[in-house]
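Student: Counting in the working numbering, the sequence shown runs from 1150 upward without gaps. For every residue, glycine included, the Cβ atom is placed at its ideal position computed from N, Cα and C. These figures come from a predicted structure and were not determined experimentally. The structure under discussion is supplied below as structure tokens; questions concerning it will follow.
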Amino acid sequence: MTRISRPGLLWPALAALLSCMVVLAGLLTWWNTDLLGKDDFCDGMFSSSEVSAALEGTGRLAEEEYQQAGRSHWLRCEMKRTSRFVDSSEPHVSVTTEFLKGDEVFQSPVWQKRERMAFTEHGLAGGATRKRAWVLVPKECWGGIPLRRGSVPYLTAEVSDGRNPPQASDVTSSPEALLQLADRAAQRVIDDAGCAQNSSGRNRAPDATALTSADHHRSDRENICGKRGFTLPPDAFPTADVPLGRERTTSASGTVWACDLHLQGKGGPSLTLMTTSHRDTVAAAKRQATAESLNNGKVVRCEQGEIYVGLWLHNRYLELLLDEDDGHGRRPLAFLGDVLTSLAKSQAAKNEWSGCHF
């Protein structure tokens, strides 16, 4: 006998199934995209598009924490991208006011991946990698912010997986996106400190968060890092069989210039050279120097302005230097002062500055 279907019973079942599918699709869209999400975060400091650019991937944007202390102008904002998919990552980005030593972003191990750093082209001094960004609050604002002796206010942005510190996390982001968050936070601090009128005209530019480009090329002992007149003494090479390799130089038009100099040898020994004449960065280094000696850095005063020069010795390079012992009590790092002076002289000549006190 042929069974006759009953449309009156089939259609309600199909409608129920369709409704379930629509609800499920809606939930998946809600859980794993930012559809109809927040327009801004952290009391309007960041737009959703700015946060989305920093937190790459799929998922819903959420504000996890926001704190702001009035008189100290300290703030912290933590945001994340959540997802209900199994094994999906939940990247976090934290934007914080940090009171650091003047040249800490050049010298601290926290910023050890600085060989990948680019710097702001104009405006506020700042830099960024794929994990971190920093912006220095201009010196006109320091008087209105309670500071420890030798410290200055930076705004930093860094990404992580929410469980491990950034250096132990695989999460990365766009350097430009991280710098944008740090710059937005710096503007909030500047406005709250009441120094925008004194500083913004000097520091703001239409492309305030544009980053310098970088060139990679083989090193030339006669033209190290493209700095005419700059030389490295023999003691800068751990052994005779560790010659120059390749170098990465950032654009000289930036607020900071850096050269990552790689030597040939096991473990990739390298050192980073830095120079800047940016008023705020130089002032930050000088403020630190009044409290303690600069770490592998110095400020040189010329008639036309001041220059900060610095060195960072990466771990493998430092290990090779400290392992060297010629049996005559030679101090393996004694050459660093000569390197800084040579770098400062080269930069002063490039700037066509005179009357410098090296």
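In the DSSP assignment, find the alpha helix (DSSP H) that holds F1255 and state where it starts and stops.
Tutor: Segment 1253-1256, the alpha helix (DSSP H) holding F1255.
Student: What span of residues does the beta strand (DSSP E) with V1448 cover, start to end?
Tutor: Run containing V1448: 1446-1450, per the beta strand (DSSP E) assignment.
Student: Evaluate the contact criterion for the segment 1295-1310 versus the segment 1318-1335: three or more CB pairs, one atom per stretch, below 8 Å.
Tutor: With the cut-off at 8 Å, the segment 1295-1310 and the segment 1318-1335 touch.
Student: Mind reading off the beta-carbon distance from V1431 to V1458? Whole number of angstroms is fine, and I expect it under 8 Å.
Tutor: That belief does not hold up - the Cβ atoms of V1431 and V1458 are roughly 10 Å apart, past 8 Å.
Student: So what does DSSP say about L1285, is it helix, strand or coil?
Tutor: Strand at L1285.
Student: Over what stretch of residues does the alpha helix (DSSP H) that includes K1113 continue unbroken?
Tutor: Within the shown structure, residues of the chain are numbered from 1150 to 1507, placing residue 1113 beyond reach of any answer.
Student: On the criterion of 16 or more Cβ atoms from any shown chain inside 10 Å, does R1337 qualify as buried, or is it exposed?
Tutor: Buried is the call here.
Student: Under the assumption that A1211 contacts S1323 (Cβ atoms under 8 Å), give the Cβ distance between them as a whole number of angstroms.
Tutor: Actually they do not touch by this definition, with Cβ atoms about 20 Å apart.
Student: Using 10 angstroms around the beta-carbon of D1472, count the other beta-carbons present and answer buried if the total reaches 16, otherwise exposed.
Tutor: By the 10 Å Cβ count, D1472 comes out exposed.
Student: Please classify L1568: does DSSP put it in a helix, a strand, or coil?
Tutor: Any answer about residue 1568 is impossible in this case: the structure gives the chain only from 1150 up to 1507.
Student: Taking the Cβ atom as the reference point for each residue, do L1360 and E1396 lie within a distance shorter than 8 Å?
Tutor: Contact: no.
Student: Rounded to whole angstroms, what is the Cα-Cα separation between G1486 and S1309?
Tutor: In a straight line, the C-alpha of G1486 is about 37 Å away from that of S1309.
Student: Measuring straight from C-alpha to C-alpha, what distance separates S1419 and R1220?
Tutor: So the alpha carbons of these two residues sit roughly 42 Å apart.
Student: Can you name, in chain order, every residue of its own chain whose Cβ lies under 7 Å from the Cβ of T1399, other than the five neighbours on each side?
Tutor: Closer than 7 Å at Cβ, skipping near neighbours: A1267, F1268, T1361, A1363, W1406, A1407.
Student: What residue ranges within the segment 1290-1315 form continuous beta strand (DSSP E) runs of no fewer than 3 residues, ordered along the chain?
Tutor: Counting only runs of 3 or more, we get 1300-1309.
Student: What number of angstroms, rounded off, separates the C-alpha of V1488 from the C-alpha of F1379?
Tutor: Whole-angstrom Cα-Cα distance: 8 Å.
Student: With distances taken from CA atoms, which of C1451, E1289, M1423, E1452 is nearest E1253?
Tutor: Closest by alpha carbon: M1423.
Student: Between which two residues does the beta strand (DSSP E) containing I1456 stretch?
Tutor: 1455-1462 is the extent of the beta strand (DSSP E) around I1456.
Student: Can you tell which of L1482, P1240, F1255 has the C-alpha that lies nearest to the C-alpha of S1318?
Tutor: If we check each option's Cα against that of S1318, P1240 comes out closest.
Student: If we ignore side chains and look at the alpha-carbon of each, how far apart do L1443 and C1226 end up?
Tutor: Taking the straight line from one Cα to the other gives about 31 Å.
Student: Determine the contact status of K1280 and T1321, defining contact as a CB-CB distance below 8 Å.
Tutor: Against a cut-off of 8 Å, the Cβ pair of T1321 and K1280 comes out as a contact.
Student: Keeping to the same chain, check which residues put their C-beta closer than 7 Å to that of G1403; ignore five residues upstream and five downstream.
Tutor: Closer than 7 Å at Cβ, skipping near neighbours: F1268, T1269, E1270, T1361.
Student: Drop a sphere of 10 angstroms on the beta-carbon of P1383, count the other beta-carbons inside from all chains shown, and report buried for 16 or more, exposed for fewer.
Tutor: By the 10 Å Cβ count, P1383 comes out exposed.
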